[in-house]
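Trainee:
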Amino acid sequence: MGIKTAQFPLLQGQSLLPYNKACFNFLARAFYGVNPADTKLGDKGPTLIALWIFFQLAPLLTLGLPSFLEDPLLHTFRLPPFLVKGSYKKLYDFFYNASGKILDEGEKMGIQREEACHNLIFATCFNSYGGMKILFPSLLKFIGQAGVKLHK
37 MGIKTAQFPL LQGQSLLPYN KACFNFLARA FYGVNPADTK LGDKGPTLIA LWIFFQLAPL
97 LTLGLPSFLE DPLLHTFRLP PFLVKGSYKK LYDFFYNASG KILDEGEKMG IQREEACHNL
157 IFATCFNSYG GMKILFPSLL KFIGQAGVKL HK
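The numbering used here puts the first residue of the sequence shown at 37, with every later residue one more than the last.
Following this line, the structure appears as structure tokens:
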């Protein structure tokens, strides 16, 4: 049977959406004290984040094509931001409403409220959420495989 990682459901044709929702809900509750399901965002957070992150990472992604084809087709032109603007606005509204105290602290430090909100979105959705989805399962896998000596 082995250890099941976050990627295991994909191998069986299942969706990672429940795992993604759990990660996002945990971060929203831990950082901001808000349950996304109780807000206007609902359960769409992970889908909106995935779309936004795709647009951020698109210049780095590869389809496995030869580079003389892939570079001019995929990496020469930016993806048009208007395609993700509405999704990002929904995320922005959620974070702006959920992180009032944090944004107040940012203003005390001289950071504009809007800029602080964009920074929170990046830190939460890109760094923390990405880490929970990629690094955390791998870390748990290695701890699980380390054996009884480490577990004591």
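Backbone N, C-alpha and C define an ideal beta-carbon position, used for all residues, glycine too.
Taking just the CA atoms, how far does K188 sit from S123?
Mentor: Distance between the alpha carbons of S123 and K188: 46 Å.
Trainee: To the nearest angstrom, how far is the alpha carbon of F118 from that of C161?
Mentor: Between F118 and C161, the C-alpha separation is close to 19 Å.
Trainee: Less than 8 Å between C-beta atoms, sequence neighbours within five positions excluded: which residues of the same chain meet that for G49?
Mentor: Since pLDDT at G49 reaches only 48, below the 50 mark, its modelled position is unreliable, and the value read off the structure follows with that caveat. Answer for G49: no residue qualifies.
Trainee: By DSSP, does F113 sit in helix, in strand, or in coil?
Mentor: DSSP places F113 in coil when its eight states are reduced to three.
Trainee: Inspect the beta-carbon positions of L77 and F131 and report whether they are closer than 7 Å.
Mentor: No; because the gap between Cβ atoms is not below 7 Å, this pair is not in contact.
Trainee: Can you tell me the Cα-Cα spacing of Y55 and G167, whole angstroms?
Mentor: Rounded to the nearest angstrom, the two C-alpha atoms are 13 Å apart.
Trainee: Under a three-way DSSP split, which group does T98 fall into?
Mentor: It is coil, neither helix nor strand.
Trainee: For V184, name the three-state secondary structure that DSSP assigns.
Mentor: DSSP places V184 in helix when its eight states are reduced to three.
Trainee: Give the straight-line distance between the Cα atoms of P72 and N133, rounded to the nearest whole angstrom.
Mentor: Near 11 Å, if we compare the C-alpha coordinates of N133 and P72.
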